[in-house]
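Below: the structure, in structure tokens.
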Amino acid sequence: MTESDPNGRETYSKLPTERFQHQYFDDTNLIKNMIFDLDVPTIGAIPGPGFHWDSAMLCDLTICSEDTWMEVE
1 MTESDPNGRE
11 TYSKLPTERF
21 QHQYFDDTNL
31 IKNMIFDLDV
41 PTIGAIPGPG
51 FHWDSAMLCD
61 LTICSEDTWM
71 EVE
């Protein structure tokens, strides 16, 4: 980030459709890259209850602690 835009948040929030499309594009590309473009095996670790476990589930091998629980809303 080289420049500061004090009105950037207000300008960005006026364009919900564009914001959603940009976020959707970035997220789907991230998932495709994690699944198809890695040439090495990946190991995901979920050390206990929490959130953002979805990235670990995209790995080739996922290990969890005994007290891990996952909830999808």
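With my numbering, the residue at position 29 of the sequence shown is 29, and numbering never jumps.
Glycine is no exception: its CB is placed at the ideal position from the N, C-alpha and C atoms.
Treat the numbers as computed from the prediction; the structure is a model and nothing was measured.
Bridge partner(s) assigned by DSSP for residue i
i	result
residue 56	BP columns for residue 56 are empty, so no partner.
residue 62	44
C-alpha distance - residue i paired with residue j, whole-angstrom precision
i	j	result
residue 34	residue 64	20 Å
residue 42	residue 54	14 Å
residue 25	residue 56	20 Å
residue 71	residue 39	30 Å
residue 16	residue 36	30 Å
residue 66	residue 52	18 Å
Burial state of residue i, where buried means 16 or more other Cβ atoms lie within 10 Å
i	result
residue 45	exposed
Under 8 Å between C-beta atoms of residue i and residue j
i	j	result
residue 69	residue 47	no
residue 31	residue 61	no
Where the alpha helix (DSSP H) containing residue i begins and where it ends
i	result
residue 34	16-36
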